[in-house]
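From first to last, the protein sequence lines are chains G and U. Taking our numbering, I'd label the letters of the first sequence as residues 14 to 368. Taking our numbering, I'd label the letters of the second sequence as residues 14 to 368.
Number of protein chains: 2
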Amino acid sequence: MGTLPKIWLLDTLKMKHNLKDIARLAGVSKSTVSRVVNNQPNVNEQTREKVLEVIRQHNFRLNTTARALATRHTHILSVIIPQSIASTFTEPYFPSVIQSVSKVAAEHDYAVMLWIGNDEEEERFGERIVMNGMFDGALIASSIENDPLVEHLSKAGFPYVIIGPPHFENANYVDVDNCTGAYHAVVHLIGLRRKRIGIITGPLNMGASKDRLAGYRNALADANIAYDANLVFEGTFEESSGYHGALALLQQNVDAIFAVSDTMALGVLRALSEKGVKVPEDIAVVGFDDMPFASHTKPALTTVHQPIAELGADAARTLIRLVEGQLVEPYQAIFPAYLVVRESCGAQLIKEVHV
Amino acid sequence: MGTLPKIWLLDTLKMKHNLKDIARLAGVSKSTVSRVVNNQPNVNEQTREKVLEVIRQHNFRLNTTARALATRHTHILSVIIPQSIASTFTEPYFPSVIQSVSKVAAEHDYAVMLWIGNDEEEERFGERIVMNGMFDGALIASSIENDPLVEHLSKAGFPYVIIGPPHFENANYVDVDNCTGAYHAVVHLIGLRRKRIGIITGPLNMGASKDRLAGYRNALADANIAYDANLVFEGTFEESSGYHGALALLQQNVDAIFAVSDTMALGVLRALSEKGVKVPEDIAVVGFDDMPFASHTKPALTTVHQPIAELGADAARTLIRLVEGQLVEPYQAIFPAYLVVRESCGAQLIKEVHV
DNA sequence: TTGTACAAATGAAGTGATTGATTTTACGTT
DNA sequence: AACGTAAAATCAATCACTTCATTTGTACAA
Numbered sequence: 014m015g016t017l018p019k020i021w022l023l024d025t026l027k028m029k030h031n032l033k034d035i036a037r038l039a040g041v042s043k044s045t046v047s048r049v050v051n052n053q054p055n056v057n058e059q060t061r062e063k064v065l066e067v068i069r070q071h072n073f074r075l076n077t078t079a080r081a082l083a084t085r086h087t088h089i090l091s092v093i094i095p096q097s098i099a100s101t102f103t104e105p106y107f108p109s110v111i112q113s114v115s116k117v118a119a120e121h122d123y124a125v126m127l128w129i130g131n132d133e134e135e136e137r138f139g140e141r142i143v144m145n146g147m148f149d150g151a152l153i154a155s156s157i158e159n160d161p162l163v164e165h166l167s168k169a170g171f172p173y174v175i176i177g178p179p180h181f182e183n184a185n186y187v188d189v190d191n192c193t194g195a196y197h198a199v200v201h202l203i204g205l206r207r208k209r210i211g212i213i214t215g216p217l218n219m220g221a222s223k224d225r226l227a228g229y230r231n232a233l234a235d236a237n238i239a240y241d242a243n244l245v246f247e248g249t250f251e252e253s254s255g256y257h258g259a260l261a262l263l264q265q266n267v268d269a270i271f272a273v274s275d276t277m278a279l280g281v282l283r284a285l286s287e288k289g290v291k292v293p294e295d296i297a298v299v300g301f302d303d304m305p306f307a308s309h310t311k312p313a314l315t316t317v318h319q320p321i322a323e324l325g326a327d328a329a330r331t332l333i334r335l336v337e338g339q340l341v342e343p344y345q346a347i348f349p350a351y352l353v354v355r356e357s358c359g360a361q362l363i364k365e366v367h368v
Numbered sequence: 014m015g016t017l018p019k020i021w022l023l024d025t026l027k028m029k030h031n032l033k034d035i036a037r038l039a040g041v042s043k044s045t046v047s048r049v050v051n052n053q054p055n056v057n058e059q060t061r062e063k064v065l066e067v068i069r070q071h072n073f074r075l076n077t078t079a080r081a082l083a084t085r086h087t088h089i090l091s092v093i094i095p096q097s098i099a100s101t102f103t104e105p106y107f108p109s110v111i112q113s114v115s116k117v118a119a120e121h122d123y124a125v126m127l128w129i130g131n132d133e134e135e136e137r138f139g140e141r142i143v144m145n146g147m148f149d150g151a152l153i154a155s156s157i158e159n160d161p162l163v164e165h166l167s168k169a170g171f172p173y174v175i176i177g178p179p180h181f182e183n184a185n186y187v188d189v190d191n192c193t194g195a196y197h198a199v200v201h202l203i204g205l206r207r208k209r210i211g212i213i214t215g216p217l218n219m220g221a222s223k224d225r226l227a228g229y230r231n232a233l234a235d236a237n238i239a240y241d242a243n244l245v246f247e248g249t250f251e252e253s254s255g256y257h258g259a260l261a262l263l264q265q266n267v268d269a270i271f272a273v274s275d276t277m278a279l280g281v282l283r284a285l286s287e288k289g290v291k292v293p294e295d296i297a298v299v300g301f302d303d304m305p306f307a308s309h310t311k312p313a314l315t316t317v318h319q320p321i322a323e324l325g326a327d328a329a330r331t332l333i334r335l336v337e338g339q340l341v342e343p344y345q346a347i348f349p350a351y352l353v354v355r356e357s358c359g360a361q362l363i364k365e366v367h368v
């Protein structure tokens with residue numbers, strides 16, 4: 014701060030004009046130019062044209078920073094990826110969310126700031142974000158429970174929307190029905206006569222992971238199958254944890270593995286293929302996410318579809334409404350997740366048997 | 014603009030203070046508080062302590078927007094993903110770049126803005142970015158040739174660094190030696206006695222794709238193998254284009270396929286596996302990128318490694334130097350790319366023959 | 001007791017917009 | 001011609017900071 018040189022190479026190249034200049038050149042006052050730029054009424058049509066002409070001629074662009082100071086709104090939305098999941102950032106889930114957020118933001122003329130947590134900084138992450146403060150609201154992508162970040166933002170008075178399970182009673186959030194989605198997947202496996210169904214969960218300090226595990230347990234309970242903690246492997250959402258989870262569950266003689274992310278399911282397929290285990294004949298595999306690659310695996314992956322892009326878009330729209338004061342009640346949306354049956358669960362086999 | 018309600022629910026909750034308030038409360042002037050906040054010299058140690066105490070007590074945070082207006086620097090960096098490649102955004106390449114940029118930015122106390130091109134808007138994309146103007150400099154991720162975006166930014170006077178092959182003579186850029194990387198891959202295949210080597214390129218209006226194709230041609234030329242346009246399939250960097258490329262090249266009786274991205278190589282493996290073609294026995298496959306999943310495919314993928322994170326980090330560091338006026342000469346860095354030999358190229362086979 | 005030097009603090013003019021209160025202009029009525 | 005009215009334009013305050021020129025304060029030497 015304050016240590017930057019005063020003269021900027023590129024500043025000298027661009028002749029910058031401000032409202033006042035344009036006003037002078039067009040022979041009107043600053044206010045009038047402001048009205049024209051902001052498409053406000055009460056300005057004569059000829060005057061408007063004249064001003065626009067001058068603006069065009071001088072290639073004038075409004076200084077957004079000054080406007081932000083005056084209006085107290087930057088028209089910037091933050092997307093926050095907590096450090097707890099930064100290692101998973103390269104998973105297609107986040108790009109999808111970000112892309113849809115970015116699109117909605119653009120439609121409403123908002124810019125998007127991105128904050129990705131860094132393993133090396135602990136507490137400082139939330140502080141950095143809050144200290145910056147140059148955004149109107151924040152979207153928090155699936156953080157862990159009791160993430161201090163949320164409290165930080167909340168205390169600092171920033172509007173925010175959580176993408177994932179909520180942390181507080183009255184939080185604004187947009188989530189997928191993880192529990193029911195997982196439930197359907199496991200019910201399906203049970204229907205296909207699988208008896209020992211293993212699960213590879215995500216980190217259990219994340220709401221989404223817990224909900225999916227709950228769906229698994231509900232399905233077992235409804236079928237009167239005893240819950241066996243040995244069949245539960247806590248993964249990290251990474252491919253390698255699917256791989257190791259599968260190896261561990263093989264020891265338990267499972268006949269089905271439910272990996273709660275497609276990426277982990279990929280790891281499962283790799284492990285089983287290496288061990289010469291046939292999918293779905295010997296072990297059925299079901300994933301979660303329905304990522305683009307899920308239909309391209311071998312065998313094609315049966316998985317729980319979640320509408321990731323819709324989730325991000327809805328969250329963004331909600332945040333904008335919140336920021337613009339159009340949202341009075343807390344907004345809490347839960348999107349359905351449904352099972353997409355492909356090859357890896359063995360539904361085909363059963364059908365053939367029936368025939 | 015200008016249509017937002019004047020009273021904000023959350024504004025009433027947070028008692029906001031400004032420099033003037035703090036100055037009054039600490040019994041000093043605004044300037045002094047500013048010095049303290051910015052860690053500048055010429056302020057008495059006791060005064061400094063006193064001011065800091067008041068700041069702490071009132072939970073004061075500097076208004077970054079006002080500072081930006083005064084200093085004419087927002088301390089924001091933009092990462093721009095042109096619409097031409099927005100479809101590939103979920104590829105791990107971009108998250109990796111963004112993550113490393115984000116990290117470097119954080120280290121230098123910069124925030125990161127993200128602009129992702131949208132297929133639906135053509136020309137408006139660059140305009141939107143420039144009109145926003147609330148950033149000090151931009152990082153452009155691998156755009157197509159003659160992308161009007163670069164011209165836009167350049168005209169608007171924004172410092173920028175290109176990640177990928179440069180568009181102009183004097184542009185600042187950070188790139189990978191795509192040509193040499195591809196060259197090594199193809200030379201390796203030739204050394205393994207492959208005679209008909211097909212290539213699946215990226216979009217040929219992108220510099221990186223062209224450079225990789227050039228490397229392929231150079232390798233053939235050096236080995237006195239005639240270049241055959243029938244062995245060249247123009248892909249899109251997407252998995253499916255690898256799949257279709259492989260099917261097309263199968264018609265040409267190739268004995269090796271060089272896919273210039275790992276994701277496309279994945280598609281190649283899928284196609285070959287479906288057709289019952291053995292890799293590497295019947296057809297050798299080489300990818301490009303060395304993505305995390307490359308070592309987890311079956312067979313493990315031989316591929317050209319490129320240091321994606323380093324690329325992003327270096328670009329970010331360069332941009333910050335540029336923005337802060339510490340860069341006088343154009344910065345042009347080319348990172349080496351090297352071949353990582355695994356199973357899919359069939360190097361093992363040859364060794365065994367020799368034994 | 002001044003004068004000088006230097007550190008510390010202050011005052012005021014910027015930065016470029018928005019916006020509500022106010023004045024000017026244009027135009028149709030009486 | 002005087003008046004009322006509404007539209008159009010202007011004025012001035014405000015947003016919250018930085019920074020340069022200036023003043024104040026202190027200590028030490030002459």
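All C-beta atoms, glycine included, are put in the ideal place defined by N, C-alpha and C.
Cβ-Cβ distance between residue i and residue j below 8 Å
i, j, result
"Gly194/G", "Ala269/G", "no"
"Val179/U", "Tyr173/U", "Looking at the sequence provided, one finds Pro at residue 179/U rather than Val. In this structure, Tyr173/U does not lie closer than 8 Å to Pro179/U by Cβ."
"Gly280/G", "Ala259/G", "yes"
"Phe73/U", "Ile35/U", "yes"
"Pro343/G", "Asn183/G", "yes"
"Ile333/U", "His121/U", "yes"
"Ile89/G", "Phe138/G", "no"
"Ala239/U", "Val200/U", "no"
"Thr316/U", "Val353/U", "yes"
"Leu263/U", "Arg209/U", "no"
"Leu335/G", "Gly150/G", "yes"
"Leu65/U", "Val49/U", "yes"
"Ala328/U", "Asp190/U", "no"
Exposure label - residue i; buried when at least 16 CB within 10 Å
i, result
"Asp303/U", "buried"
"Ala198/G", "buried"
"Asn237/G", "exposed"
"Gly204/U", "exposed"
"Arg207/U", "buried"
"Asp188/U", "buried"
Rounded separation between residue i and residue j - CA only
i, j, result
"Ala360/G", "Ile176/G", "33 Å"
"Ala118/G", "Ala326/G", "9 Å"
"Met219/G", "Ile153/G", "13 Å"
"Val163/G", "Arg225/G", "23 Å"
"Arg61/U", "Asn31/U", "17 Å"
"Ala278/G", "Val292/G", "12 Å"
"Arg230/U", "Phe271/U", "12 Å"
"Ala81/G", "Thr87/G", "5 Å"
"Tyr196/U", "Ile296/U", "19 Å"
"Gln319/G", "Ala242/G", "27 Å"
"Asp337/U", "Thr45/U", "It is Glu, not Asp, that sits at residue 337/U in the sequence shown. So the two alpha carbons sit approximately 25 Å from each other."
"Ser97/G", "Ser167/G", "19 Å"
"Phe107/G", "Trp128/U", "15 Å"
"Ser113/U", "His257/U", "33 Å"
"Ala124/G", "Asn145/U", "8 Å"
"Ser274/G", "Ser254/G", "11 Å"
Beta-ladder partner(s) of residue i, from DSSP
i, result
"Glu247/G", "Thr214/G"
"Ser91/U", "Met126/U and Ala151/U"
"His318/G", "Asp302/G and Tyr351/G"
"Asp188/U", "Ile347/U"
"Val281/G", "Partner(s): none; Val281/G has no beta bridge."
"Ala297/G", "Ala269/G"
"Val174/U", "Leu152/U"
"Ile157/U", "Met219/U"
Any non-hydrogen atom of the ligand ADP closer than 7 Å to residue i Cβ
i, result
"Ser274/U", "By its list of ligands, the structure shown contains no ligand whatsoever, and the ligand ADP lies outside what it can speak to."
Secondary structure, alpha helix (DSSP H): runs of 4+ residues fully inside the region 20 to 84 of chain G: Listed in chain order, they are 22 to 26, 32 to 39, 43 to 50, 58 to 70 and 77 to 84.
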